[in-house]
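In the order they appear, the protein sequences are chains A and B.
So in the working numbering, spot 265 of the first sequence is number 265, and the numbers just go up one at a time.
The working numbering runs 337 ahead of the 1-based position in the second sequence.
Working notes, structure below.
Number of protein chains: 2
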Amino acid sequence: MSKIDDVAKLAGVSKGTVSNVFSRKRPISEKVQKRVLEAAKELNYTPNHIARSLVTKKTMTISLSMPSAKRISLTTFHTNLINGVITEASLHNYRILIDTLAQEELELPFLSGNVVDGVIVLNPKVDDTRLDYLTKYNIPAVVIGEPSAKYKNLVSYVDNNNQEIVEEVTTYLLKKGHRRILYLNAPTKMTVSKVREAGFLQAFADLGISNNESLIHFKESLYEDPSQYGYDTVMKYFAADKDRYTAIIADTDKEAIGICRAFRKLNIKFPDDVAIVALSDDLVLSHELEPPIPTVDMQAEALGKTSVQMLFHQIKVGDYPEISRAVVKAKFHSREQ
Amino acid sequence: MSKIDDVAKLAGVSKGTVSNVFSRKRPISEKVQKRVLEAAKELNYTPNHIARSLVTKKTMTISLSMPSAKRISLTTFHTNLINGVITEASLHNYRILIDTLAQEELELPFLSGNVVDGVIVLNPKVDDTRLDYLTKYNIPAVVIGEPSAKYKNLVSYVDNNNQEIVEEVTTYLLKKGHRRILYLNAPTKMTVSKVREAGFLQAFADLGISNNESLIHFKESLYEDPSQYGYDTVMKYFAADKDRYTAIIADTDKEAIGICRAFRKLNIKFPDDVAIVALSDDLVLSHELEPPIPTVDMQAEALGKTSVQMLFHQIKVGDYPEISRAVVKAKFHSREQ
DNA sequence: CTGAAAGCGCTTACAG
DNA sequence: CTGAAAGCGCTTACAG
Numbered sequence: 001m002s003k004i005d006d007v008a009k010l011a012g013v014s015k016g017t018v019s020n021v022f023s024r025k026r027p028i029s030e031k032v033q034k035r036v037l038e039a040a041k042e043l044n045y046t047p048n049h050i051a052r053s054l055v056t057k058k059t060m061t062i063s064l065s066m067p068s069a070k071r072i073s074l075t076t077f078h079t080n081l082i083n084g085v086i087t088e089a090s091l092h093n094y095r096i097l098i099d100t101l102a103q104e105e106l107e108l109p110f111l112s113g114n115v116v117d118g119v120i121v122l123n124p125k126v127d128d129t130r131l132d133y134l135t136k137y138n139i140p141a142v143v144i145g146e147p148s149a150k151y152k153n154l155v156s157y158v159d160n161n162n163q164e165i166v167e168e169v170t171t172y173l174l175k176k177g178h179r180r181i182l183y184l185n186a187p188t189k190m191t192v193s194k195v196r197e198a199g200f201l202q203a204f205a206d207l208g209i210s211n212n213e214s215l216i217h218f219k220e221s222l223y224e225d226p227s228q229y230g231y232d233t234v235m236k237y238f239a240a241d242k243d244r245y246t247a248i249i250a251d252t253d254k255e256a257i258g259i260c261r262a263f264r265k266l267n268i269k270f271p272d273d274v275a276i277v278a279l280s281d282d283l284v285l286s287h288e289l290e291p292p293i294p295t296v297d298m299q300a301e302a303l304g305k306t307s308v309q310m311l312f313h314q315i316k317v318g319d320y321p322e323i324s325r326a327v328v329k330a331k332f333h334s335r336e337q
Numbered sequence: 338m339s340k341i342d343d344v345a346k347l348a349g350v351s352k353g354t355v356s357n358v359f360s361r362k363r364p365i366s367e368k369v370q371k372r373v374l375e376a377a378k379e380l381n382y383t384p385n386h387i388a389r390s391l392v393t394k395k396t397m398t399i400s401l402s403m404p405s406a407k408r409i410s411l412t413t414f415h416t417n418l419i420n421g422v423i424t425e426a427s428l429h430n431y432r433i434l435i436d437t438l439a440q441e442e443l444e445l446p447f448l449s450g451n452v453v454d455g456v457i458v459l460n461p462k463v464d465d466t467r468l469d470y471l472t473k474y475n476i477p478a479v480v481i482g483e484p485s486a487k488y489k490n491l492v493s494y495v496d497n498n499n500q501e502i503v504e505e506v507t508t509y510l511l512k513k514g515h516r517r518i519l520y521l522n523a524p525t526k527m528t529v530s531k532v533r534e535a536g537f538l539q540a541f542a543d544l545g546i547s548n549n550e551s552l553i554h555f556k557e558s559l560y561e562d563p564s565q566y567g568y569d570t571v572m573k574y575f576a577a578d579k580d581r582y583t584a585i586i587a588d589t590d591k592e593a594i595g596i597c598r599a600f601r602k603l604n605i606k607f608p609d610d611v612a613i614v615a616l617s618d619d620l621v622l623s624h625e626l627e628p629p630i631p632t633v634d635m636q637a638e639a640l641g642k643t644s645v646q647m648l649f650h651q652i653k654v655g656d657y658p659e660i661s662r663a664v665v666k667a668k669f670h671s672r673e674q
């Protein structure tokens, strides 16, 4: 690879001038610029970003710290979120480094070593080594979702209006006349399950309706296959008494698919016998069901974009990042005309 | 951030010694090592990877050049493939940079600038700017899938045994007595479609069976939703004559889902009236269908792992990378006992 | 608008 | 087993 000196020599200018032709940090006369570019082209020169980073202290890279045990399982929600992150980052000429927990356990290699300018943290845990590290070293970071109490005041985050949206969905069902609703909530381990539970209960309270005959079922976290989980859970609650509940709120759309499968098996008609609403929208899956069920779009792409905007803000601010919050509103699609 | 000089001073040794404590490139005595590590801990020192990369010429990063128009759409195949790539890369302490075509169009920023040591290229195109660039600059690269003729002898790649596997599936159907098979193949644009077509025809030839009543339908590339595509295509071919074909080979499992939906609509029973086989296995989706349909596992994770191994081989070899090939065998699951 | 020189934080022969 | 010094390829005040 040719380097900046080679180009400078061939173009008959100084290294500084060549540098500025490429970085546009200061104006260079037309003629000189042309000469430099021609020399660069002839030598197949392309600036070495590593050398640049060493002096500018910017790597133009952010990392996306992904949820994962052994294997990453990307839902549509994640895919959309990643799209948002990439789109927004590209806009600022930033690159994305994938970071997984498996790697984090080794040595937190991406957070350290000045390899990235900031990090987007997905699926924060109650005790989160990543957040410990990031806050300790004051590295710009934005969490997507709600961090546990321990970190809440130490780190920026963007989250959905989870309480509101579950309240909206529940209210929708209650107003339709449903009184026995089964809510398949997230596992208790996830902070979001409590927030959503509150929304569920609030809807009943607001309308002065008793929730005695309804039930919140928290997911057992051992389930790997969400569809199978939906299927099994419906079997458990409906096999003995098909009329026990008149509506289900599913935590994810894949769960909803399993629920529908169970209903077909049990010969329960939806939405006539039992209404279903699924949180988190999936273009492909929603087509599979007839009729299409109401879903909630968590706006994953917007979450991704917002997180990156917040991160850039922190990166600019510098050594003493401001803690900030943002809320991305989910959208309920009732599928009604 | 403290730097290597600070640690050296505090520990009373030279920078070189500190460097070697962290890189383990040459043996350091126990005592000195201990002193250095203590000093590093006290100063919260962590080596600057950027500075290291500048001299070693290794970034310990490879990029994954993803297929994407405007938005990335990650199928299970991609997710599994990415898992393979990450797993294998982590094993060698390598990081993964996500690269999208959208970004490539800007300035090929990840390929250039010595930011990565090599790249994994997904979904090669007939004319592929990425491959033009990579071969021109002699950057280590491995394509997943079959590159077009133009690049075939210039770049390493790993692919499935596409001809064989489609031949196997077709033979399976023919031996079951099917004579009128509809094969929903990939779009003609994709090189894989021709290879698979050959496998399909070979099966007929080997058994001396005429393919006159069978049909290969190449996907129109304008379809975005694979499930909808499967649905529409079945409607087109079966609506008028439910008995036209007795078996379908679907290109993807999402397609198969749409096909099943169409069959339910048309009141065609599968596999009794029409047999279905889907290429590319998806854990979640295969559960949705009753009975489960035969599928082909393309071994996406193995493809990912192999590509990384091949890439590392090239990176080690250095300036004149050897071109190599590998085949990952797909696995047919007939779902029979 | 341009040049010369110092410096970013490491690693690596070389010498001992 | 350890140290002193050169150098990786850039950018950036400083001076003109």
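Here a beta-carbon is modelled for each residue, glycine too, at the ideal position from N, C-alpha and C.
- Proximity of residue 65 of chain A to chain B, defined by a Cβ-Cβ separation below 9 angstroms, is not satisfied.
- In this structure, DSSP gives residue 250 of chain A an extended state, which the three-state scheme calls strand.
- When the five nearest sequence neighbours on each side are left out, the beta carbons in the same chain lying within less than 8 angstroms of the beta carbon of residue 151 of chain A are those of 124, 128, 131, 135, 143, in order along the chain.
- If the five residues before and after residue 198 of chain A are omitted, its C-beta is found closer than 7 angstroms to the C-beta atoms of 163, all from its own chain and listed in chain order.
- Counted as a single uninterrupted DSSP element, the alpha helix (DSSP H) harbouring residue 49 of chain A occupies residues 49-56.
- Contact with chain B is found for residue 100 of chain A, since one of that chain's Cβ atoms lies less than 9 angstroms from the residue's Cβ.
- At a beta-carbon threshold of 9 angstroms, the residues of chain B lying near residue 54 of chain A are 385, 387, 388, 390, 391, ordered along the chain.
- DSSP, reduced to helix, strand and coil, places residue 647 of chain B within a helical segment of the structure shown.
- Around residue 503 of chain B, the same chain offers 533, 536, 537 as residues with beta carbons nearer than 6 angstroms, after the five sequence neighbours per side are excluded.
- Listed as beta-bridge partners of residue 522 of chain B by DSSP are B:555.
- Contact annotation, residue 258 of chain A with residue 226 of chain A: C-beta distance approximately 7 angstroms; criterion of less than 8 angstroms satisfied.
- For residue 428 of chain B, the secondary structure class from DSSP, reduced to helix, strand or coil, is helix.
- Closest in alpha carbon position to residue 347 of chain B, among B:611, B:372, B:667, is B:372.
- For residue 483 of chain B, the number of other beta carbons within 10 angstroms of its own is at least 16, and it is reported as buried.
- With a threshold of 16 other beta carbon atoms within 10 Å, residue 39 of chain A meets it and is buried.
- Rounded to whole angstroms, the Cβ separation of residue 493 of chain B and residue 528 of chain B is 16 angstroms, and the two are not in contact under 8 angstroms.
- When the alpha-carbon of residue 652 of chain B is set against those of B:357, B:393, B:477, the nearest one is in B:477.
- Under the three-state reduction of DSSP, residue 546 of chain B is assigned to coil, being neither helix nor strand.
- When secondary structure is reduced to three states using DSSP, residue 601 of chain B falls in the helix class.
- At least 9 angstroms separates the beta-carbon of residue 63 of chain A from that of residue 28 of chain A.
- For residue 403 of chain B, the uninterrupted beta strand (DSSP E) segment begins and ends at 398-403.
- Three or more beta-carbon pairs separated by less than 8 angstroms link the stretch 633-643 of chain B to the stretch 662-672 of chain B, which places the two stretches in contact.
- Here residue 630 of chain B carries a coil assignment [DSSP, helix/strand/coil].
- The DSSP-derived three-state label of residue 458 of chain B is strand.
- For residue 669 of chain B, the three-state secondary structure derived from DSSP is strand.
- In the three-state reduction of the DSSP assignment, residue 351 of chain B falls in the coil class, being assigned neither a helical nor a strand state.
- Closer than 7 angstroms at the C-beta level to chain A, one finds these residues of the stretch 413-426 of chain B: 416, 419, 420, 423.
- In the three-state scheme derived from DSSP, where H, G and I count as helix and E and B as strand, residue 179 of chain A is classed as coil.
- Chain-order list of chain B residues neighbouring residue 74 of chain A: 411, 416, by C-beta distance under 7 angstroms.
- With respect to the C-alpha of residue 578 of chain B, the residue from B:598, B:605, B:556 having the closest C-alpha is B:605.
- In this structure, residue 384 of chain B keeps its C-beta atom at 9 angstroms or more from the C-beta atom of residue 414 of chain B.
- Residue-level contact check: residue 643 of chain B does not touch chain A, since none of the beta carbons of chain A fall below 9 angstroms from its beta carbon.
- Relative to the Cα of residue 422 of chain B, the nearest Cα in the group B:352, B:394, B:396, B:459 belongs to B:459.
- Identification of chain B residues near residue 135 of chain A by a Cβ-Cβ cut-off of 9 angstroms yields none; the smallest Cβ-Cβ distance measures about 13 angstroms.
- Boundaries of the alpha helix (DSSP H) harbouring residue 377 of chain B: 367-379, taken from the DSSP string.
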